[in-house]
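Engineer: When we follow my numbering, the leftmost residue of the sequence shown carries the number 234, and every step to the right adds one.
This is the structure, below, for whatever I ask next.
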Amino acid sequence: MQELEKDPSVVLNNDTLPNIQKQFNKLVTDVNYYKNSPQELHKDLMNDLQKEASALYNGYRSLLQSNSKKEQQKSMKEKKMKTNPKEISEKPSGFVPIGEHKLPPLPYSYDALEPYIDNEIMKLHHQKHHQSYVDGLNKAEREMEKARRNNDYHLIKHWEREAAFHGAGHYLHTIFWNIMNPKGGGKPKGDLLKEIKKSFYSFDAFKKHFSEAAKNVEGVGWAILVWSPRSHRLEILQSEKHQVLTQWDVIPLLVLDVWEHAYYLQYKNNRDEYVDNWWNVVCWDSVAKRFDQAKRVTWQPY
């Protein structure tokens, strides 16, 4: 109690609630003692009780103020995220526990990419399709964790497949949203443009190759520009579904979703028109940032 009287924050910074509960219990005990004590001791005991009550009040008030401040900070941060979508980034912030992946927010509104990708497509694509990949990945991870815990692997083949499909879908879509912008289009600059010319001879040759790869994905899938730490250059890959017909040990930089849900409501079966229009929303600044980070990864070439 003396410690709390001197500085209530001391207790608040060290298991606050249990300490306040202890102070309260002690105060109740002292009050009961006061009731049964001799009359001549009442004055001194009352002074002690007042001090205890005052310290308990100050501690509880500080706790409420501390919690209120945390809630205000959380609210301000959430408000900032909503009103300042540019603040949303892919900066590392810890790790994702097993089965706790989240749907990332879009860095723009659902209608921001019109007329090239309309509002309805973006909303369904993000809220329904991407969410389903997040849910599927979380379920697969939890089931595999359960298999390890119970030493029961009779369904491991199924859940590994689910993790590959939904995990690749989740990660590719997360990149996809962030390499588009309503002020996109044009050409890249700086080191990224130099690397594109080095790997593909010219930007136009790169754009033609990437577009044809996207238009000719068999069934559904992706066109993906990657940095290859093994060959120390850029490459263009196709992926069927999300995880088939691609390479390991590469880093995706620019991705284009050519599943039908990405364009059919607006372009019907005209995938070619969708691919050609998509270049108008490519955010080369975002792609360049990914490239700047990726090119630092280099292995022994072979």
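Even for Gly, the Cβ is constructed at its ideal location relative to N, Cα and C.
All values derive from a computational prediction rather than experimental measurement.
For Ala345, tell me which candidate among His403, Trp410, Pro337 and Val459 has the shortest Cα-Cα distance.
Structural biologist: Closest by alpha carbon: Trp410.
Engineer: Give me the residue from Lys440, Ala456, Pro337 and His442 with the minimum Cα distance to Lys474.
Structural biologist: Among Lys440, Ala456, Pro337 and His442, the Cα nearest to that of Lys474 belongs to Ala456.
Engineer: Please name the residue or residues paired with Met413 in a DSSP beta bridge.
Structural biologist: Per DSSP, Val515.
Engineer: Is it the case that the Cβ atoms of His406 and Leu370 are separated by a distance below 7 Å?
Structural biologist: No, Cβ-Cβ distance for His406 and Leu370 is not below 7 Å.
Engineer: Excluding sequence positions up to five away, which residues of its chain have a Cβ less than 7 Å from the Cβ of Gln476?
Structural biologist: For Gln476, where only same-chain residues beyond five positions count, the Cβ hits under 7 Å are Ala397, Phe398 and Ala401.
Engineer: In this structure, how does DSSP classify Asp490 when only helix, strand and coil are distinguished?
Structural biologist: DSSP places Asp490 in strand when its eight states are reduced to three.
Engineer: Between Gly418, Thr479, Leu489 and Lys420, which has its C-alpha nearest Phe443's C-alpha?
Structural biologist: Considering only alpha carbons, the answer is Leu489.
Engineer: When you compare each of Glu506, Ile484 and Tyr404 to Val329 by their alpha carbons, which one comes out closest?
Structural biologist: Measuring from the Cα of Val329, the nearest candidate turns out to be Tyr404.
Engineer: If you draw a straight line from the C-alpha of Glu353 to the C-alpha of Gln533, how long is it?
Structural biologist: Glu353 and Gln533: Cα-Cα distance of roughly 46 Å.
Engineer: Kindly indicate which three-state DSSP category Val508 falls into: helix, strand or coil?
Structural biologist: DSSP places Val508 in helix when its eight states are reduced to three.
Engineer: Please report the straight-line C-alpha distance between Asp505 and Leu498, rounded to a whole angstrom.
Structural biologist: Asp505 and Leu498: Cα-Cα distance of roughly 14 Å.
Engineer: Looking at the unbroken beta strand (DSSP E) that takes in Leu426, where does it start and where does it end?
Structural biologist: Note, Leu426: premise wrong, no beta strand (DSSP E); alpha helix (DSSP H) at Gly423 to Phe433.
Engineer: With a Cβ-Cβ cutoff of 7 Å, do Cys536 and Met355 count as a contact?
Structural biologist: The requested residue 536 is not part of the displayed model; the chain covers only 234 to 535.
Engineer: In chain order, what residues of the same chain have a beta carbon less than 8 Å from the beta carbon of Gly454, not counting five sequence neighbours either side?
Structural biologist: Cβ neighbours of Gly454 beyond the five flanking positions: Gln471, Ser472, Glu473, Lys474, His475, Val477, Leu478, Val491 and Trp492.
Engineer: Just how far apart, CA to CA, sit Ile484 and Tyr535?
Structural biologist: Cα-Cα distance, rounded: 17 Å.
Engineer: According to DSSP, is Gln499 part of a helix, a strand, or is it coil?
Structural biologist: Helix, per DSSP.
Engineer: Considering just the uninterrupted stretch of the beta strand (DSSP E) at Leu478, what are its terminal residues?
Structural biologist: Per DSSP, Leu478 belongs to no beta strand (DSSP E) and is neither H nor E.
Engineer: Just reading off the alpha helix (DSSP H) that Ile354 is part of, what are its end residues?
Structural biologist: Taken as a continuous stretch (DSSP letters only), the alpha helix (DSSP H) holding Ile354 covers Asn352 to Leu357.
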